[in-house]
Each structure stands twice: as C-alpha cells, then as structure tokens.
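Shown next, in the form of structure tokens:
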C-alpha cells in the first residue's frame, strides 16, 4: 500500500525532531555527566512549550544544566540573579523618558529572550516573582498598560535551593502551577563525579560549547510535537490521574486543569522523543511525578507521616486504572 504524503511528512518531521533533540542532548551531556534522565526531561519540557523548575541542594549543577541548554540553541538567552532587592521592572522592563524625543520609550527587560534563566528564584520578593506570571502563561508582558508579545519559543528555567530557607520567599501556588515540571539533579554517581574532575578540573566546559540547533529548528520541533496523536482513552486517563489528586484524603490541594494540559503536552513530547507519533499511558505515568508533584499540598496527616507529594503521586499512578487502547 502506498504511503500518503501526510504520513510521509509526519514521519520526516519526527525523524528531524529526534535528530535535532539528539544533538541538543549530546551537547548538554558533554558538560552534565551521568544525568541522562534529567537531560531528557529538560528537552521534553522545552518541546512541550513549558517551563522548568530545578530544585536541589547547592553545587549539583542546577545552573550548569540551564546554561548548557541555553548554549546548545542559537537564540537570545538572558540570566537573572534573583535577590531580595530585585524589582519587577528589572525583569519585565521599564518605560523611560527620552529627553530628545520628549516621549517615553520602553526598555525591554531580560524576559525578552527565548530562554530566561532565573537563578535562585525564591530569593526575590513575591511582588518580583509575580512579574513572571503573565509571561510564563500568556507569552506576553504588560507595562504601563501596553502589552508586548514575547518571541517563540519561550522558556523559563528557574533554580532554587530547598535547604537555604533564611532570607527566601517560597513560591506561591500560582507560581508553581505555571512550571510544567520540577526536577532534582541529585548527587552524581562516583564514576560520573570522577569524570567531572577530569572535564571540569582544568577548564570551564561551557566556554567551549557551541550551538547545535537554531530557534527555527526548535520552533519546527514544537509544531511537530503538537501533531502527536492522543486518543480519547489516553486523554481520559490523564484526566483521571489529575482528578485523583483532587479527591485524595492525603492531599489538601490537588492539581489544576492547567496541570492536565501540561501533562498531555509533555506526554506528546515524551512520545515524540521515543520515536512515536502517538501517546501511550506509559508516557503519562513516566511524567506524572515531575509534572504533578510540585503543584500539590499534602494534608497535615500525610506531612506527619513524612509522605511527600512525589510518593503520593506514585501511589495514585499505581491505583488509577490504565486504559487498554492507545
């Protein structure tokens, strides 16, 4: 049977996606040793048009991962060091008076880039953190009543340390809900740490990194991911997983409808990176913890039992019935 042009085009786009993603992945792993799963999830969030929160102890490579992704793509990248004295206008931009033209001119802030790296985001005040709400959800910025569109692709990669609580402001639920996924780097294996000493000991690997993809290629990949098929049973399964968090007695705050959307978008990217043009339940199961756990608040009883949201999501995944059809 002859293959239709649509199928041929879809297969070609999928092959291009895998090839480009493979180049980006290899580029990142040239400076991030022994963290293949973390790197894959980072690329998944990028192709799902999402934002990533990296939370872990100091010194495990959170900022290095964000910078490595940024340098792997030939696109405008801005880095913001969040501090208590940072103002919203320091992120979004400000209207300044031009004495020559006698008019106000908008000076864009660092958010006007394809990839924005926010280091230690929880060190800024809630007022400053809220400056990211509009741009992360709507890909636009409003200053002095004027709305400015952000370029696509647009991704915020934020880092925070979970143990340095003094002088920090925990992210509010509305802010956490805008991050597609949260990951933890974790300590490297001894072999990877030994290799790190050889690679990072005498030089800075980031200085040698070169872009392996363009914004045009990434935008095309995002379009290809949007075309990945999701059947009705799989959509229902995603809804059932998220709904289970809202009815669990172990949780006093479940996941939002935005979480369902992020879960399905991420599953599309996960399927494409696996070489499939359709989503299966396994894609949702693999992503349930990083996509859902950071949005949840455990009950007081669950907290007393030291049951973390990641553990509770894992229990729900095992409990919710899996559909037969793909």
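In the UniProt record's numbering, the protein residues as written are 1 to 326. Glycine included, each C-beta is placed from N, C-alpha and C at the ideal position.
Enumerate in chain order the residues of its own chain whose CB-to-CB distance from residue 79 is below 6 Å, with the five nearest sequence positions on each side excluded. Non-local beta-carbon contacts of residue 79 in its own chain, meaning distances under 6 Å to residues more than five positions away in sequence, involve 117 in chain order.
CA-to-CA distance, residue 221 to residue 22, given in whole angstroms: Approximately 12 Å between the Cα atoms of the pair.
Does DSSP put residue 89 in a helix, in a strand, or in coil? In this structure, residue 89 counts as helix in the three-state DSSP scheme.
Strictly by DSSP, which residues pair up with residue 105? The secondary-structure analysis by DSSP pairs residue 105 across a beta bridge with 96.
Same chain, Cβ closer than 6 Å to residue 124, neighbours up to 5 away in sequence not counted: Within the same chain, 82, 86 come within 6 Å of residue 124 by CB-CB distance, once the 5 residues on both sides are set aside.
Does the contact criterion of 3 or more C-beta pairs under 8 Å hold for the region 54–68 versus the region 202–216? Under the Cβ criterion (8 Å, minimum of three pairs), the region 54–68 counts as touching the region 202–216.
Short of 8 Å in beta carbon distance, which residues of its chain neighbour residue 173, apart from the five on each side in sequence? Order them along the chain. Contacts found: 253, 295, 297.
Work out the CA separation of residue 145 and residue 327 for me, nearest whole Å. In the structure as shown, the chain begins at 1 and stops at 326. Residue 327 is therefore absent and cannot be evaluated.
Take the Cβ of residue 315 as the centre, count every other Cβ of all protein chains shown within 10 Å, and call the residue buried at 16 or more, exposed below. By the Cβ neighbour-count rule, residue 315 is exposed, with fewer than 16 other Cβ atoms within 10 Å of its own.
If contacts are defined as beta-carbon pairs under 8 Å, then residue 152 and residue 219 qualify, I think. What distance do you get, rounded to the angstrom? The pair is a contact, with the Cβ atoms about 6 Å apart (cut-off 8 Å).
Please report how far the alpha carbon of residue 60 lies from the alpha carbon of residue 98, in whole angstroms. For residue 60 and residue 98, the distance between alpha carbons rounds to 45 Å.
May I have a chain-ordered list of the beta strand (DSSP E) segments no shorter than 3 residues that lie completely inside the region 239–299? The beta strand (DSSP E) runs of length 3 or more contained entirely in the region 239–299 are, from start to end of the chain, 251–253.
For a quick check, are the C-beta atoms of residue 35 and residue 188 less than 9 Å apart? Contact: yes.
Helix or strand or just coil, what does DSSP make of residue 357? Lying outside 1 to 326, the shown extent of the chain, residue 357 is not represented and no answer is given.
Give the straight-line distance between the Cα atoms of residue 317 and residue 305, rounded to the nearest whole angstrom. Residue 305 has its alpha-carbon roughly 20 Å from the corresponding atom of residue 317.
Counting only the same chain and skipping the five closest in sequence on each side, list residues whose C-beta sits under 7 Å from that of residue 256. By the criterion of a C-beta distance shorter than 7 Å, residue 256 is surrounded in its chain by 177, 295, once the five residues flanking it on both sides are discounted.
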